[in-house]
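For reference, the structure discussed in these notes is given below.
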Amino acid sequence: MFNKSWLLFVTLAIVAALFMGCKDETEPPTSNGDTAFEILTEYLVANNMDLSDIKSDYLIAAADLHGNEDDYYIMDIRSQGDYDTLGHIDGAVHSSLADIVTDAASCGGLPIVVCCYTGQSAAHAVVALRLSGYDDAKSLKFGMSSWNAIFDKWTSNTGNIGDGHTNWSTGATATLSTFDYPEISTSSTDGATILAERVDALLEGGFKGVTATDVLDTPTDYFINNFWAEADVSTYGHIAGAYRIMEDLTIAAGGFANLDPNETIVTYCWTGQTSSIVTAYLTVLGYEAKSLKFGANAMIYDQLTSGKWSAPEDFPYVTTP
């Protein structure tokens with residue numbers, strides 16, 4: 001009886017092993033149940049494209065670019081009309097936010113500098129470029145406004161609407177909560193493919209910005225993140241209801257779990273340039289996000305002792321014949 005039972009057990013074990021062997025050979029590999037968000041973020045971290053990598057050293061000042069123009073491939077994403085008739089940096093080529101990655105193929109190995117009007121939309125372009133293999137791409141700080149006074153669109157966008165505003169607070173920022181990650185619509189289980197799709201979505205969507213007036217007047221319409229250090233919040237205050245998620249806002253640190261994927265996430269910083277980087281990255285990750293244009297410079301300009309717009313340089317430019 002024992003021998004018969006043992007023989008039956010061995011027979012069943014062999015059949016099960018053969019079945020499992022056939023299954024391994026015929027079924028394609030799976031993603032082990034990972035969501036598209038998880039596949040994408042794992043790929044980004046593995047390839048040194050966490051948010052901290054993407055926003056590292058992304059700006060170049062006009063004074064540093066001037067005299068070194070030949071060392072860079074300068075891409076101007078302002079309107080064709082302004083590029084041609086108002087003028088541009090000598091040697092710069094015209095492109096657009098939508099076409100920036102495609103046009104970057106002509107860079108010839110030179111590091112790319114993107115110019116826009118004020119540095120807001122160029123930061124979106126830098127995210128797209130750095131996520132597409134151009135990891136040394138930079139944005140001209142303060143845009144063409146910094147190059148010559150003829151291009152200045154910054155001065156008129158500074159302001160003090162936060163001074164005395166009922167929705168400007170000096171109290172504590174909002175307490176952090178934990179949320180689910182956003183769902184990314186894709187048929188792919190490959191990190192590189194999902195990333196390329198999300199960069200395309202970023203560029204097709206264009207620059208995502210919102211005015212300081214809109215956010216200050218109705219802050220409850222948004223999930224607001226003050227992208228400042230704690231000491232700066234203590235010094236200047238913040239928009240009422242704002243969170244402060246900065247140091248941990250990376251995939252590795254898990255800070256994206258503190259963002260509500262069901263809200264429109266508005267990030268603000270000093271000038272709107274770093275918040276534009278963050279906003280573009282959030283868009284790639286599947287969040288609905290906007291950058292508060294011109295940042296604190298649009299709300300409490302006179303109070304600021306640093307991180308503020310000053311004045312244009314007086315560097316030469318050319319027009320299209």
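Under the numbering used here, read the sequence shown as residues 1 to 321, first letter to last. Ideal Cβ placement from N, Cα and C applies to all residues, glycine included.
TODO: Give me the Cβ distance between residue 261 and residue 179, rounded to the nearest whole Å; I'm assuming they're in contact under 8 Å.
DONE: Counting from 1 along the sequence shown, the entry for residue 261 is found at position 261. Counting from 1 along the sequence shown, the entry for residue 179 is found at position 179. That belief holds up - the Cβ atoms of residue 261 and residue 179 are roughly 6 Å apart, short of 8 Å.
- [ ] For residue 49, write down the residues that DSSP places opposite it in a beta bridge.
- [x] To locate residue 49, count along the sequence shown from 1; it is residue 49. Paired residue(s): none; residue 49 is not in a bridge.
Task: residue 194 to residue 321 span [Cα, whole Å] - done: What you label residue 194 is simply residue 194 of the sequence shown in a count that begins at 1. What you label residue 321 is simply residue 321 of the sequence shown in a count that begins at 1. Distance between the alpha carbons of residue 194 and residue 321: 42 Å.
Task: Spatial distance of residue 157 from residue 187 (CA atoms) - done: Locating residue 157 in the sequence shown gives position 157, counting from the first residue. Locating residue 187 in the sequence shown gives position 187, counting from the first residue. Using only the alpha carbons, I get a separation of about 43 Å.
Task: Of the residues 228, 213, 230 and 313, the one placed nearest residue 222, counting alpha carbons only - done: Your numbering for residue 222 matches position 222 in the sequence shown. Nearest of 228, 213, 230 and 313 to residue 222, Cα basis: 213.
Task: Close-in-space but distant-in-sequence residues of the same chain around residue 313 (CB under 8 Å, 5 per side omitted) - done: What you label residue 313 is simply residue 313 of the sequence shown in a count that begins at 1. Correct list, in chain order: 62, 63, 66, 146, 147 and 148.
TODO: Taking residue 127 as part of the beta strand (DSSP E), name the residues at either end of that continuous run.
DONE: In the sequence shown, the residue the question calls residue 127 occupies position 127. Premise fails: residue 127 lies in the alpha helix (DSSP H), 120-130, not in any beta strand (DSSP E).
- [ ] Identify whether residue 256 lies in helix, strand or coil by the three-state DSSP scheme.
- [x] Reading the sequence shown from its first residue, position 256 is the one you call residue 256. In the structure shown, residue 256 sits in a helix (DSSP, three-state: H, G or I).
Open item on the list: Tell me which residues share the same chain as residue 263 and place their Cβ nearer than 8 Å to its Cβ, disregarding the 5 neighbours each side in the sequence.
Closed with: Counted from its first residue, the sequence shown places residue 263 at position 263. Once the five neighbours on either side are set aside, the close Cβ partners of residue 263 are 222, 223 and 288.
TODO: Given a cut-off of 7 Å, decide if residue 108 and residue 168 are closer than it, judged by their beta-carbon atoms.
DONE: Sequence index remark: in the sequence shown, residue 168 carries index 168 (1-based). Sequence index remark: in the sequence shown, residue 108 carries index 108 (1-based). Their beta carbons are not under 7 Å apart, which means residue 168 does not touch residue 108 by this criterion.
Open item on the list: According to DSSP, is residue 81 part of a helix, a strand, or is it coil?
Closed with: Taking the sequence shown and counting its residues from 1, the one referred to as residue 81 is at position 81. The answer is helix: DSSP assigns residue 81 an H, G or I state.
Open item on the list: Please return the same chain residues whose Cβ sits closer than 6 Å to the Cβ of residue 207, not counting the five positions on each side in sequence.
Closed with: The sequence position of residue 207 within the sequence shown is 207, counting from 1. Once the five neighbours on either side are set aside, the close Cβ partners of residue 207 are 121 and 124.
Task: Span separating the alpha-carbon of residue 216 from that of residue 106 - done: Against the sequence shown, residue 216 aligns to sequence position 216. Against the sequence shown, residue 106 aligns to sequence position 106. Approximately 42 Å, taken between the alpha carbons.
Task: Where residue 21 sits in the DSSP three-state scheme - done: Locating residue 21 in the sequence shown gives position 21, where the first residue counts as 1. For residue 21, the predicted model reports a pLDDT of 38, less than 50, meaning its position is unreliable; a value from the coordinates is still stated below. Residue 21 falls in the helix class under three-state DSSP.
Task: Cβ neighbours of residue 68 in the same chain (closer than 7 Å, five flanking residues each side left out) - done: Taking the first residue of the sequence shown as 1, we reach residue 68 at position 68. None.
TODO: To the nearest angstrom, report how far apart residue 176 and residue 70 are at their CA atoms.
DONE: Here residue 176 refers to the residue found at position 176 of the sequence shown. Here residue 70 refers to the residue found at position 70 of the sequence shown. For residue 176 and residue 70, the distance between alpha carbons rounds to 47 Å.
Task: Where residue 310 falls: helix, strand or coil (DSSP) - done: Residue 310 sits at position 310 when you count from the first residue of the sequence shown. If DSSP states are grouped into helix, strand and coil, residue 310 belongs with coil.
- [ ] Within the same chain, show all residues whose beta-carbon is closer than 8 Å to that of residue 202, passing over the 5 residues directly before and after it, in chain order.
- [x] Working through the sequence shown from its first residue, we reach residue 202 at position 202. So the qualifying residues of the chain are 124, 127, 128, 280, 283 and 284.
Task: Alpha-carbon to alpha-carbon, residue 88 and residue 80 - done: In the sequence shown, the residue the question calls residue 80 occupies position 80. In the sequence shown, the residue the question calls residue 88 occupies position 88. About 10 Å.
Open item on the list: The beta strand (DSSP E) that contains residue 114, what's its start and end?
Closed with: Translated into the one-based positions of the sequence shown, residue 114 becomes position 114. First-last of the beta strand (DSSP E) with residue 114: 112-115.
Open item on the list: Between residue 96 and chain C, is the shortest Cβ-Cβ distance under 7 Å, so that the two count as touching?
Closed with: Absent here is chain C; the protein component of the structure consists of one chain.
Open item on the list: Check for me: the alpha helix (DSSP H) holding residue 73 runs from which residue to which?
Closed with: Numbered from 1 along the sequence shown, position 73 holds the residue referred to as residue 73. Element bounds for residue 73: not the alpha helix (DSSP H) but the beta strand (DSSP E), 73-76.
Open item on the list: By alpha-carbon positions, which one of 43, 275 and 142 ends up nearest to residue 309?
Closed with: Here residue 309 corresponds to residue number 309 of the sequence shown, with the count starting at 1. Comparing Cα positions, the closest option is 142.
Open item on the list: With DSSP as the reference, identify every bridge partner of residue 59, one or two as the case may be.
Closed with: Reading the sequence shown from its first residue, position 59 is the one you call residue 59. Answer by DSSP bridge pairing, in chain order: 139.
- [ ] Please state if the CB of residue 74 and the CB of residue 113 are separated by a distance shorter than 7 Å.
- [x] For the purposes of this step, residue 113 is identified with residue 113 of the sequence shown, where counting begins at 1. For the purposes of this step, residue 74 is identified with residue 74 of the sequence shown, where counting begins at 1. Yes, Cβ-Cβ distance for residue 113 and residue 74 is below 7 Å.
Open item on the list: Measuring straight from C-alpha to C-alpha, what distance separates residue 164 and residue 270?
Closed with: In the sequence shown, the residue the question calls residue 164 occupies position 164. In the sequence shown, the residue the question calls residue 270 occupies position 270. Rounded to the nearest angstrom, the two C-alpha atoms are 19 Å apart.
Open item on the list: With a threshold of 8 Å on Cβ separation, who are the neighbours of residue 90 within its own chain once the five nearest residues in sequence on each side are excluded?
Closed with: Here residue 90 corresponds to residue number 90 of the sequence shown, with the count starting at 1. 69, 316, 317 and 318, listed in sequence order.
- [ ] Note the first and the last residue of the continuous alpha helix (DSSP H) segment covering residue 283.
- [x] Translated into the one-based positions of the sequence shown, residue 283 becomes position 283. Start and end: 273-284.
Task: residue 43 versus 173, 294 and 196, residue with shortest Cα-Cα distance - done: Stepping through the sequence shown from its first residue, residue 43 is reached at position 43. Out of 173, 294 and 196, 196 has the C-alpha closest to the C-alpha of residue 43.
Task: residue 37 (DSSP reduced to helix, strand or coil) - done: Your numbering for residue 37 matches position 37 in the sequence shown. Residue 37: helix per DSSP, three-state reduction.
Task: 7 Å Cβ cutoff met for residue 226 and residue 240 - done: Along the sequence shown, read from residue 1 onward, the residue named residue 226 stands at position 226. Along the sequence shown, read from residue 1 onward, the residue named residue 240 stands at position 240. No, these two residues do not count as a Cβ contact at 7 Å.
Task: Span separating the alpha-carbon of residue 48 from that of residue 136 - done: Locating residue 48 in the sequence shown gives position 48, where the first residue counts as 1. Locating residue 136 in the sequence shown gives position 136, where the first residue counts as 1. Taking the straight line joining both Cα atoms gives about 13 Å.
Task: Between the CA atoms of residue 259 and residue 334 - distance to the nearest angstrom - done: Given a span of 1 to 321 for the chain in the structure shown, any question on residue 334 remains unanswerable.
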